[in-house]
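What follows is a single structure, written as structure tokens, with notes after it.
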Amino acid sequence: MSRFLVPMQLISSRLKAVPGTRSVSSLLRSSHHSRCSYRAYSSDVDLNKTSTLPNSTSEKEPQYVIPKTMRAIQIKGDKGPASAMYIGTADMPEIKLDHVLVKIKAIGVNRMDTLQRTGNYPVPPDASPIMGVEFSGEIVSSRSSSWKPGQQVFGLAYGGAYAEYIAVSGGTLIEKPDYMSHVKAAGVMETYLTAYDALKKTGKFERGQSVLIHTGAGAVGIAANQLAKSLGAHEVFTTAGSEEKLQALSEMKSAPDHRINYRTEQFDEIILRQTKNTGVNLVIDFVGKDFFEKNINSLAKEGRMICLGFLSGSKATLSLAKLLFKKLSIHGTTLRSRPKDYMNALVASFKDTCLDKFATGDLDVVVHKELDWNKVQEAHEILENNQNIGKVVLTIPESTEEAVKTPAE
Ligand SMILES: NC(=O)c1ccc[n+]([C@@H]2O[C@H](COP(=O)([O-])OP(=O)(O)OC[C@H]3O[C@@H](n4cnc5c(N)ncnc54)[C@H](OP(=O)(O)O)[C@@H]3O)[C@@H](O)[C@H]2O)c1
């Protein structure tokens, strides 16, 4: 399929001449397949050439008109380097029963997105081919009895969040508290739910236990550190690769007790010394090969290791003797492949147990950088170069060419 890339200034003038909107009811009648199909249009934005998007025209009351198409971040050739991403045009997603349509204001960028972009992530079969699993925004249409248009929400999706609109299950949304910005809210779901799932559900963490959390200054690592402390860990050990990152961790309200530079120190030796050779009850690992043996050394008897990633490699050597005599358990898990019911229950449990902790600052999304979504290439490069301390978040400016809201009667 051919793609024509034109500078942004040309696009907005072309689109103003074409209203391109349709009512919510026509969207609900739509026969679109539930997967959000997308294709390139003459309005596609080459991110290598343009740097600005049109400014806002906000209207009054939420009487929404949904455009026929939306803008979405796409990948030239379906996979490639960061420079292959551009803002193109996609079909509006269908709103299924119990789902809502959210107009996205901010998108959380995840390491997984960079893997998906390069074709190295197994995207769940029914997920949108558009990248992005977490977002914050405003409900503009609802087929769920629990949600109504106008509500400000943040949510988790199997895909499709790198777009102006997303249709998602009402069960994976949380109403955004007023004190939380859309930028921070966009960084909650994938990171905190992954950490919460690893600690509580898979890791069986209990108050008073000690935990080792790797990639401590990464987005999920920060969430896990804050959760472990705020859920009553006896001691939290964490690792990161620079003094700058360790310093940032020490400044959080829920700071980990022991911050270890894995490049200059042996974390297993420090843990065994600090715990008088007992070790920790739980290891949350993202690193794989390079840390595997030291993780086993760091675990207490009947300790558990939760494997969430393998940043240094997926093949490791395991001493079965240590596994047996220390009665260890090793679990792997991926949040994105969990079925809908599991996700809904996890979101509900997280909301009940943890949402209030954002109000007190015990949990706090650390935003490394907020970028306009036309800087998505830079966003991916920051993660791929291990530069971030916490979340990189994209924001979508209101655009002048779309008629999203019209005043109420
Ligand atoms: N299983 C799941 O459900 C799930 C869910 C979300 C994320 N993940 C995975 O979890 C990992 C972390 O995600 P994230 O969003 O927190 O990523 P992130 O914000 O990009 O942080 C990752 C950090 O890991 C460290 N790192 C990178 N390569 C390393 C290596 N070879 N050895 C040691 N440390 C290394 C780097 O920090 P330093 O400078 O400290 O080295 C990097 O900044 C990723 O692999 C992601 O795919 C899994």
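For the sequence shown, counting from 1, position 395 maps to 395 in the working numbering; every step adds exactly one.
No residue lacks a Cβ here, since even glycine has one placed at the ideal position from N, Cα and C.
Just so it is clear, the structure is predicted and the values come from calculations on it, not from any experiment.
Check whether the Cβ of residue i lies closer than 7 Å to any heavy atom of ligand 1, and answer yes or no.
i: GLY309; result: yes
i: ASN120; result: no
i: GLU190; result: yes
i: ASN225; result: no
i: ASP372; result: no
i: LEU383; result: yes
i: MET112; result: yes
i: SER242; result: yes
i: VAL287; result: yes
i: SER312; result: yes
i: ASP364; result: no
i: LEU115; result: yes
i: ASN388; result: yes
i: VAL220; result: yes
i: ASP290; result: yes
i: LEU335; result: yes
i: ALA217; result: yes
i: LYS245; result: yes
i: THR194; result: yes
Taking the Cβ atom as the reference point for each residue, do residue i and residue j lie within a distance shorter than 8 Å?
i: VAL236; j: LYS245; result: no
i: GLY288; j: ASN261; result: no
i: MET131; j: GLY159; result: yes
i: ASP285; j: LEU308; result: yes
i: LYS68; j: ARG143; result: no
i: GLU190; j: ASN277; result: no
i: VAL140; j: TYR64; result: yes
i: GLY203; j: HIS214; result: no
i: LYS322; j: ILE296; result: yes
i: ALA82; j: HIS331; result: no
i: GLY216; j: LEU249; result: yes
i: LEU413; j: TYR179; result: There is simply no residue 413 to check, as the chain begins at 1 and stops at 409 in what is shown.
i: VAL100; j: GLY170; result: yes
i: MET85; j: ILE73; result: yes
i: LYS201; j: LEU346; result: yes
i: HIS258; j: GLN247; result: no
i: ILE166; j: ILE396; result: no
i: ALA195; j: ALA224; result: yes
i: THR118; j: LYS79; result: yes
i: PHE292; j: ALA255; result: no
i: VAL283; j: LEU272; result: no
i: PHE205; j: LEU199; result: yes
i: LEU173; j: ARG207; result: no
i: ALA106; j: ALA163; result: no
i: THR333; j: ILE306; result: yes
i: THR114; j: LEU383; result: yes
i: ASN281; j: GLN209; result: yes
i: LYS294; j: ASP268; result: yes
Tell me whether residue i is buried or exposed, calling it buried when 16 or more other Cβ atoms sit within 10 Å of its Cβ.
i: THR360; result: exposed
i: ASP197; result: buried
i: HIS368; result: buried
i: PRO339; result: exposed
i: GLU134; result: buried
i: GLN387; result: exposed
i: ASP341; result: exposed
i: SER136; result: buried
i: GLY108; result: buried
i: VAL393; result: buried
i: GLY390; result: buried
i: GLY444; result: In the structure as shown, the chain starts at 1 and stops at 409, and residue 444 therefore has no counterpart that could be examined.
i: ASN120; result: exposed
i: ARG71; result: buried
i: GLN266; result: exposed
i: GLY218; result: buried
i: ASN385; result: exposed
i: PHE358; result: buried
i: GLU251; result: exposed
i: ARG263; result: exposed
i: LEU15; result: In this prediction, LEU15 has a pLDDT of 31, which is less than 50 and means its spatial position is unreliable; what the coordinates show is noted afterwards. Label assigned to LEU15: buried.
i: GLU138; result: buried
Confirm the yes/no value for this check: CB of residue i, any heavy atom of ligand 2, distance under 7 Å.
i: GLY216; result: For ligand 2, the structure offers nothing, since it holds only ligand 1.
Closest Cβ-Cβ distance between residue i and chain D: below 8 Å?
i: ALA316; result: Within the model displayed, chain D is absent; a lone protein chain is all it includes.
Check your understanding: On the three-pair Cβ rule with 8 Å, is the region 180-189 touching the region 136-155?
Key -> Verdict: yes, contact present.
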